[in-house]
Structures are given as structure tokens and as C-alpha cells.
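To convert, note that position 88 of the sequence shown is 87 in numbering that gives the first Met the number 0; the numbers rise steadily by one, no gaps.
Below you'll find the structure, written out as C-alpha cells, and then a few comments.
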Amino acid sequence: MDPYFSKEHYIFREQIRRFCETELAPLVEEAEEKQLFPKQLFKKMGELGYLCVRYPEEYGGAGVDKISEVILREEMSRICQGFATSWSGHSHLATYPIFRAGTPEQKQKYLIPAIKGDIIGAFALTEPDAGSDTKSIKSSAVRDGDFYVLNGSKTFITNAPIADYFMTASYTDKSKGYHGISLFIVPSNLPGITVRKLHKEGVRSSDTGEISFEDCRLHKSQLVGTEEGNFGLIMEMLSENRIGVAANMVGVAQAAFEAALQYAQERVQFGQPIGKFQAISHKIADMATGIRGARLMVYSAALLIDQGKPCPLEASECKLFASETAVSVAREAIQIFGGYGIMSEYPVSRYLRDALVYTIGEGTSEIQRNIIAKQLGL
Ligand SMILES: Cc1cc2nc3c(=O)[nH]c(=O)nc-3n(C[C@H](O)[C@H](O)[C@H](O)COP(=O)(O)OP(=O)(O)OC[C@H]3O[C@@H](n4cnc5c(N)ncnc54)[C@H](O)[C@@H]3O)c2cc1C
Numbered sequence: 000m001d002p003y004f005s006k007e008h009y010i011f012r013e014q015i016r017r018f019c020e021t022e023l024a025p026l027v028e029e030a031e032e033k034q035l036f037p038k039q040l041f042k043k044m045g046e047l048g049y050l051c052v053r054y055p056e057e058y059g060g061a062g063v064d065k066i067s068e069v070i071l072r073e074e075m076s077r078i079c080q081g082f083a084t085s086w087s088g089h090s091h092l093a094t095y096p097i098f099r100a101g102t103p104e105q106k107q108k109y110l111i112p113a114i115k116g117d118i119i120g121a122f123a124l125t126e127p128d129a130g131s132d133t134k135s136i137k138s139s140a141v142r143d144g145d146f147y148v149l150n151g152s153k154t155f156i157t158n159a160p161i162a163d164y165f166m167t168a169s170y171t172d173k174s175k176g177y178h179g180i181s182l183f184i185v186p187s188n189l190p191g192i193t194v195r196k197l198h199k200e201g202v203r204s205s206d207t208g209e210i211s212f213e214d215c216r217l218h219k220s221q222l223v224g225t226e227e228g229n230f231g232l233i234m235e236m237l238s239e240n241r242i243g244v245a246a247n248m249v250g251v252a253q254a255a256f257e258a259a260l261q262y263a264q265e266r267v268q269f270g271q272p273i274g275k276f277q278a279i280s281h282k283i284a285d286m287a288t289g290i291r292g293a294r295l296m297v298y299s300a301a302l303l304i305d306q307g308k309p310c311p312l313e314a315s316e317c318k319l320f321a322s323e324t325a326v327s328v329a330r331e332a333i334q335i336f337g338g339y340g341i342m343s344e345y346p347v348s349r350y351l352r353d354a355l356v357y358t359i360g361e362g363t364s365e366i367q368r369n370i371i372a373k374q375l376g377l
């Protein structure tokens, strides 16, 4: 029994686990091999109410709590972190600013179709020379009558090759420092936009790309909300998403753990299952303990969000702990599999590649430690 779960949470977990095992699992191998996200998944998940789950029913969302969202994210990642990465780029990062600050027209035109899976969104903040140091982005949107002229380039953008719009951060007023960073909803088919797909070693089934904006003319109605300056909103969104990413990492760790436990029970060497050797059973015990710790941190942070209590410290702590735990669990799973752990027909090496992405993406482990230390007054 989990102290954070109601009866509805258990039912939700059953439903989403069944969906992931029957609908997602058969698509993983091909998507990973071809490095292509199966776009039809957005439509299917939208129809079932599994995209953007927390937004209210008036926009077509499921209106569920944060604990339900982290359950969904954990279950998706247990099957495929690549799919879960694309889900996160769309269901949280590309849509949250519209939900929180968008005009009624923007909600009609972008949020409602995104929740249904009719359109796909990407969130474009990172640039070639601005990763952890987000304030140093160079993209600019210069006002010209009723339009803005957008120039700049973005990289590592999840969903960029398949997106219908990019939620794009750029400076509208450099003189205001980071308060001069604004968000725009940029339709991906506008003249002046070029997208290049990137190939990766982790989360291969999530499409990632670079975007270049060259004198791209955007109507002023594409600015999120009616006023320039959204840096606070971006930080709020990234902080909250760290809890979701931590849930993703619990899912990856769980998958690696389950595979390792089964293998340790089945693989026989020196006349007994390798799980009977203390060197292996202690690894399994440490894996289970780390996962439980990470999971409880995720649920307690999610509960704070459900109680309306902002928790940037807890969000960074659980993102740091869960991603580092996933890396060490996946690393140990490979060790338990021995040579088979290196072979592509077993998924354990994928778990390690996918876990490594999230000691980097959504704020590196070093940046999480900086945030935690700052919150502690250092
Ligand atoms: C698969 C994938 C998907 C992504 N999707 C998106 C997306 O959809 N949208 C988006 O905008 N971005 C996305 N990103 C970008 C991601 O957020 C950045 O990669 C991340 O923020 C780190 O930036 P960087 O890679 O430029 O590394 P850098 O910032 O250059 O860091 C390099 C190293 O220096 C360390 N470092 C930097 N500054 C400090 C410091 N102050 N103190 C201590 N150490 C420091 C870092 O921890 C790291 O170890 C994605 C990245 C990946 C890998």
C-alpha cells in the first residue's frame, strides 16, 4: 500500500499500465530502431484523455491531480522513456504557458487541439550557446508594427521535427535583462523556419531537432498572453516539470530493476541462480531501496503541488535523486546481465542510455545541486 494513494489512484495506475503494456510496448522496438516517434500515438492518447492530463475538463483535459500525472509518467517510462520524453515536451512544456497565461483565443486555437492530440507542440528554449545558462539566449523578437520579427536558433528541441508549433523563448527587450524574455507560439510552417533532425544515443524514439528562425514574421497575437516578459512563468514551469521528470526516471529504474531481478532468478552459473550469490542479491536489494526512496520523494513533491504549495527545493531534490538513481540502477542491471547486458536484443542498455539523458536534460544534476544549495541559503 502506498500512503500517498487513494483508491482512484490505484485504479488509474491499473488502467494506464494496461494501456502502456498493450498499446505502447509493441511500438517501442521499431521506433527506437528508426529513431522516429510514432505520431499516431498523440492522437490515440488524446482520444483516451492521456495527454495533458492535468488541464481542466473545460479545455478537454482529464483534470486529474499531480499524483495521477506522475503515475502516468512513471508507467510510460517503464515501457519507453523516448515516448515519455515526447509526451512531456507536448503535454507540459509546450502547453503549460498557454494554459497559465494564454488568451482565450490562444486556448481555443492551440491548447484545446493539443489536449486532443490534433496538433503537436514543442518547447524551444535551449540554444547552441545557451544551455544551463538560459538567460544567455540570443534569439530576439523585434516589434515591427503588428508583427514581431524573430531571429535565432534553438537546439536539442524535443518534438521539433514533428511539431505543429514551437513554444519559443526569445528576447523582446534586452534592456530589461531576463525579464525581457518572452514566449511566442510559433507555427512550424511559417516562412523563415528551418528544422533539422538530430540523431541521439538516448531516448531514440523521441524526435529531437534544431530550429533556425530567419526573419520569421509573427503576428503580435502569437505572443503568449498580452504582455511581454514570461521568464518567471518559464522557471515556474520547469521547476514543476522536474517532479514529472523524476517520475519518468523512477519508471526507467523500475524497468531495469524488474529485468535484473528476473534475470538473477533465471541465470544459472556454478550450479545455482546468480541471484543466490550475495554480490548479486545485494545489488538487487540496493536497487529496490533506491527506487523506493526516489518514488516516495516524487509522490511527496507531487502531493505538495496538489496542496497548492510551490516546492522548488523538493522538485530539484527529487529530480536529482531519481535521475542519479536510475543511472545507477540501470548500470547495475547491465552488470547483472553480464555480456547479454551489452547485446541490443536486451533492453537494459537502453535503460542506461535513457537514464543518462536525464542527468542532463531539464537541468543537469550540477544545476539541481546549485538550486538546492541556494535554497538552503548557500
Ligand atoms: C534529449 C534531450 C532533449 C531535450 N529537449 C529539450 C527541449 O525540448 N527544449 C529545450 O529547450 N531544451 C531541451 N534540451 C536541452 C537541455 O535542457 C540542455 O541540454 C540542458 O539544460 C543542459 O544544457 P547544455 O546541454 O547546453 O549543457 P551545458 O549548460 O553546456 O553544461 C555542460 C556541463 O557544464 C555543467 N555546468 C554548466 N553550468 C554550470 C554551473 N553553473 N555550475 C556547475 N556546473 C555547470 C553542466 O552541469 C554540464 O555538466 C534537451 C536535451 C536533451 C539531451
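Just so it is clear, CB atoms sit at the ideal spot from N, CA and C, and this is done for glycine as well.
Cα-Cα separation between residue i and residue j, rounded to whole angstroms
{"i": "D305", "j": "A293", "result": "18 Å"}
{"i": "S169", "j": "Y147", "result": "11 Å"}
{"i": "A100", "j": "C310", "result": "20 Å"}
{"i": "G250", "j": "V223", "result": "33 Å"}
{"i": "E257", "j": "G176", "result": "48 Å"}
{"i": "I180", "j": "M234", "result": "11 Å"}
{"i": "E316", "j": "P190", "result": "42 Å"}
{"i": "I161", "j": "L35", "result": "9 Å"}
{"i": "A159", "j": "P37", "result": "14 Å"}
{"i": "E40", "j": "L302", "result": "The sequence given here places Leu at residue 40; Glu does not occur at that position. C-alpha separation (whole angstroms): 29 Å."}
{"i": "S67", "j": "Y339", "result": "35 Å"}
{"i": "F320", "j": "S364", "result": "9 Å"}
{"i": "I192", "j": "E209", "result": "10 Å"}
{"i": "S135", "j": "D172", "result": "13 Å"}
{"i": "E32", "j": "I156", "result": "20 Å"}
{"i": "Y350", "j": "A252", "result": "8 Å"}
{"i": "S85", "j": "L377", "result": "35 Å"}
{"i": "V141", "j": "E200", "result": "37 Å"}
{"i": "T133", "j": "E361", "result": "11 Å"}
{"i": "T125", "j": "K137", "result": "10 Å"}
{"i": "Y164", "j": "G144", "result": "23 Å"}
{"i": "V194", "j": "Q268", "result": "51 Å"}
{"i": "K42", "j": "E7", "result": "25 Å"}
{"i": "R291", "j": "D1", "result": "11 Å"}
{"i": "L355", "j": "H218", "result": "39 Å"}
{"i": "E20", "j": "S343", "result": "20 Å"}
{"i": "R330", "j": "S322", "result": "12 Å"}
Beta-carbon spacing of residue i, residue j below 7 Å
{"i": "V326", "j": "A255", "result": "no"}
{"i": "E74", "j": "I10", "result": "no"}
{"i": "H89", "j": "G62", "result": "no"}
{"i": "Q215", "j": "L260", "result": "Checking the sequence shown, residue 215 turns out to be Cys, not Gln. Cβ distance not < 7 Å, so C215 and L260 don't count as in contact."}
{"i": "T94", "j": "P127", "result": "no"}
{"i": "P112", "j": "L182", "result": "no"}
{"i": "Y298", "j": "Y3", "result": "yes"}
{"i": "G130", "j": "G45", "result": "no"}
{"i": "M248", "j": "Y345", "result": "no"}
{"i": "M166", "j": "F98", "result": "no"}
{"i": "G60", "j": "I118", "result": "no"}
{"i": "S238", "j": "A332", "result": "no"}
{"i": "Y262", "j": "I341", "result": "no"}
{"i": "K318", "j": "Q367", "result": "yes"}
{"i": "R72", "j": "A246", "result": "yes"}
{"i": "I184", "j": "Q221", "result": "yes"}
{"i": "F212", "j": "G151", "result": "yes"}
{"i": "L312", "j": "Q374", "result": "yes"}
{"i": "I78", "j": "L23", "result": "yes"}
{"i": "N240", "j": "H91", "result": "yes"}
{"i": "A300", "j": "I242", "result": "yes"}
{"i": "D285", "j": "Q80", "result": "no"}
{"i": "G270", "j": "T324", "result": "no"}
Boundaries of the beta strand (DSSP E) in which residue i is found, first to last residue
{"i": "A140", "result": "139 to 143"}
{"i": "R195", "result": "192 to 197"}
{"i": "A121", "result": "120 to 123"}
{"i": "L149", "result": "146 to 157"}
{"i": "S400", "result": "Past the edges of the chain, shown from 0 to 377, lies residue 400, and the structure says nothing about it."}
{"i": "P186", "result": "180 to 186"}
Segment limits, alpha helix (DSSP H) that includes residue i
{"i": "T363", "result": "Segment: none, T363 is in no alpha helix (DSSP H) and carries neither H nor E."}
{"i": "T84", "result": "80 to 87"}
{"i": "K173", "result": "No alpha helix (DSSP H) holds K173; DSSP gives it neither H nor E."}
{"i": "F4", "result": "Where F4 is concerned, there is no enclosing alpha helix (DSSP H), given that its DSSP letter is neither H nor E."}
{"i": "S348", "result": "347 to 356"}
{"i": "A100", "result": "95 to 100"}
{"i": "A113", "result": "111 to 115"}
key: alpha helix (DSSP H) runs contained entirely in the stretch 266 to 334, provided each spans 4 or more residues   = If we require 4 residues or more, the alpha helix (DSSP H) runs fully inside the stretch 266 to 334 come out as 277 to 305.
key: the stretch 199 to 210 / the stretch 13 to 31 touching (three or more Cβ pairs under 8 Å)   = Per the Cβ contact rule, the stretch 199 to 210 is in contact with the stretch 13 to 31 (3 or more Cβ pairs under 8 Å).
message = Under 8 Å: do the stretch 48 to 55 and the stretch 225 to 236 share three or more Cβ pairs, one atom per stretch?
response = With the cut-off at 8 Å, the stretch 48 to 55 and the stretch 225 to 236 do not touch.
task = At 3 residues or longer, and completely inside the stretch 201 to 270: list those beta strand (DSSP E) runs for me, N to C.
result = Taking 3 residues as the shortest admissible run, the stretch 201 to 270 contains the following complete beta strand (DSSP E) segments, listed from N- to C-terminal end: 207 to 218.
ask   = Unbroken beta strand (DSSP E) runs of length 3 or more, entirely within the stretch 10 to 50: which are they?
value = Those beta strand (DSSP E) runs which fall completely within the stretch 10 to 50 and span 3+ residues do not exist here.
key: contact_flag[the stretch 276 to 283, the stretch 92 to 106] where n(CB pairs < 8 Å) is 3 or more   = Cβ pair count under 8 Å is below three, so no.
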